[in-house]
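Please read the structure below before turning to the comments.
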Amino acid sequence: MQAGEMMEKEHGEPGQREPQGVARFTEVFESVLPFTVPTELLPLKCVSRSFRSSCERYSDLRTTSLSSICASRALLEWAQPSELVSSGHISSDRLLFLCAKEGSREALEWLIQQERFELPADGLPVNLASDTAAAALNGLSALRGAAEGGSIEKTQLLLKTLKLEGGDHSSSTLRSASEDYAVTEVVRLAACFGNVDLLRWMSEKAGVDVRGRLGTFEDPPRLPPPEGREFLLSSGAWTEADVASCASRWGDLEILRAVMDSGVLCPDAAVRAARGGRIDVLSWLIQEGERRDGRNEVGGEGATSSSSNSNSSRVNVVSGDSSVSVSKSTSVSKRELRIEIDRRVWEAAAMQTEESLAIETLQYLQKQAEKGIIPPCEDADSLFSVCIAQGHTSIAAEMCNRTGLLSDSALHGACTTAARGGQAKTLTFLKGMGVRATASSWEAALSQMKSEHRRWFHHCSLRSWSQKLAEREKVILILHSMHCPRPLSSFSTLKTLVVALHHSNLQSMLSDWTKSTSAGGMMPRSSLSSGSGLTASGGAGASLPSGVPSGGSRNQPARWLKEVPHSADTLRD
């Protein structure tokens, strides 16, 4: 999962503001604070009528009340934040995020001095061990909150506390990838939430190369508001095509139309729309492609970049008003305006986190392919690999059940792909089908566990990081149960990770490994057959694990997914 998507899942819809009734509640509550006994937060609902009214608009009362409490140090002290964390009401990094985003500097300064809310004393670490995880993710969450809220004062405080203040913050002067990521994250989120004053301060006062960091802004966690888009365009960090690409990803058809009607090329619009599951955007792009080019084709010969259209005025993508007068480029031909639908679009559809949304998008693409409107998916192996990596076992089962659809190499590499993606559920599915894990599967799993150790900063919370580590641990245990061959050289690496990250469930496996390692340095091979990776008929007749839908034949696809991605003849080169 991308970082932006995880943040949205953890923290709710970006830019969501609480009703003004909460502010009125704060005033009322402060007046009765001396007479109130600090117990649970839920009784706060009854303190004032305005607060009770505001709570009805939010399903999570706890989040609403805590956001309000963070606005005042007095309220924050009364709430006893350490007790809130101990009782499980909220995590420390989440409360720091809320305080940095919604609270005052005074409240934030007080909070980071309390037990459980300390920030790392020596700045952000290079590698993250279990005993430093809470403090490190506290610091990163607070920094993200300050960037979303747009507070220069709180951002400056946190940069200084985390030892990120001063210097030009180029990659050469930062001590680690985590520091580089943290500075980039501040710039990225400030742009996404339209906090232009913070961006200017970062550029002029903090010495940050804002334009350079925004130039690598490939997958924003949301579509920036008008002021954010204006800054991105005026600074030269983005082009109109970048804005259109982001609009496709987040389903803003008005902006996308305005850009494309001006003659600006956006070759990856369909890919971004598929990645976001935006079927309405895909539908418009396909119709627009038919209108402009007569029929969609793959790999336009005349495609040129938007920068080559020097005679075209800039479209007003800031307001998204497609009625703004824009002079269209006369140098752009119909052929150059082709909307490309190729295998990248199919793969992007399968990359969605939710399998149901991936299936829905793939079904739509399949219907268009059956009508001859778009080309069918030309690489079943690649699509299968994406499904395995994302944990979409239903789609993978359907593809496996269709004789001759997948090559042997795709099946051989399935376990390695699942191990690399940390997909324990997918590995269990493959194990039930009799797919054999190889030494490369083990190496991929271990490499990704090391990556979670080093690239911890891509997670938005301690809970997210812990869950990912637990999933990686499951992957290694499943590979162990599959009798996966393991290079002896990886023993010391795993032992180091077990100690650093406290993987207690892997201790017994390490002990077993020590006893059973063969003289050749590899664990005994599995008793599974070494065929194409599947047992029984045609590489697809093995009984599926319980809960996995049985697929159809090549001529009679399963009902749950109509001919996804296409017949074997059209999928294979």
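Those letters in the sequence shown? Residues 1 to 573, per full-length UniProt numbering, in order. All C-beta atoms, glycine included, are put in the ideal place defined by N, C-alpha and C.
Simplified DSSP state of residue i, which is helix, strand or coil
i: P376; result: coil
i: P120; result: coil
i: P225; result: coil
i: I341; result: coil
i: S466; result: helix
i: F429; result: helix
i: F193; result: coil
i: A437; result: coil
i: S262; result: coil
i: G236; result: coil
i: E115; result: coil
i: N138; result: helix
i: E230; result: helix
i: Q368; result: helix
i: K205; result: coil
i: residue 582; result: Given a span of 1 to 573 for the chain in the structure shown, any question on residue 582 remains unanswerable.
i: H502; result: coil
i: R249; result: helix
i: E218; result: coil
i: L41; result: Residue confidence for L41 is low, a pLDDT of 49 falling below 50, so the modelled location carries little weight and cannot support an answer.
Cβ-based burial, residue i [other Cβ within 10 Å; buried from 16]
i: G263; result: buried
i: G289; result: buried
i: E254; result: exposed
i: K371; result: exposed
i: G123; result: buried
i: S72; result: buried
i: Q467; result: exposed
i: A424; result: buried
i: D408; result: exposed
i: G413; result: buried
i: Q113; result: exposed
i: E354; result: exposed
i: E347; result: buried
i: E218; result: exposed
i: E240; result: buried
i: E398; result: buried
i: A136; result: buried
i: E340; result: buried
i: E106; result: exposed
i: D93; result: buried
i: E185; result: buried
i: A206; result: buried
Whether residue i touches residue j by CB criterion (8 Å)
i: P225; j: G276; result: no
i: A182; j: L140; result: yes
i: V281; j: L265; result: no
i: Q368; j: I286; result: yes
i: K67; j: L462; result: It should be noted that the sequence gives Ser, not Lys, for residue 67. In this structure, L462 does not lie closer than 8 Å to S67 by Cβ.
i: P125; j: S178; result: yes
i: A133; j: W465; result: yes
i: F231; j: V208; result: no
i: N127; j: H453; result: yes
i: W110; j: L84; result: no
i: D379; j: L406; result: no
i: S345; j: L362; result: Per the sequence presented here, residue 345 reads as Val, with Ser not at that position. Going by C-beta atoms, V345 is not nearer than 8 Å to L362.
i: E473; j: L506; result: yes
i: A191; j: G228; result: yes
i: A129; j: L501; result: yes
i: L95; j: R144; result: no
i: L214; j: S235; result: yes
i: residue 660; j: C400; result: Outside the shown range of the chain (1 to 573) lies residue 660, about which nothing can therefore be said.
i: D252; j: L223; result: yes
i: C415; j: V435; result: yes
i: D342; j: P375; result: yes
Sheet register partners of residue i (DSSP bridge)
i: P81; result: Bridge partners of P81: none, in fact.
Exercise. Does the stretch 97 to 115 touch the stretch 139 to 156, meaning 3 or more C-beta pairs lie closer than 8 Å?
Worked result: yes
Exercise. Pairing CB atoms from the stretch 372 to 386 with CB atoms from the stretch 422 to 441, are three or more of them under 8 Å?
Worked result: no
Exercise. Can you find at least 3 beta carbon pairs, one from the stretch 238 to 249 and one from the stretch 271 to 279, that sit closer than 8 Å?
Worked result: yes
Problem set entry | the stretch 444 to 453 in contact with the stretch 416 to 436 per 3-pair CB rule at 8 Å | yes
Problem set entry | the stretch 194 to 204 touching the stretch 462 to 478, judged by at least three CB pairs closer than 8 Å | no
Problem set entry | Inter-stretch contact (C-beta, 8 Å, three-pair minimum) for the stretch 350 to 365 and the stretch 387 to 405 | yes
For this session: Taking 8 Å as the threshold, find out whether the stretch 158 to 167 comes into contact with the stretch 491 to 503 through three or more Cβ pairs.
Result: no
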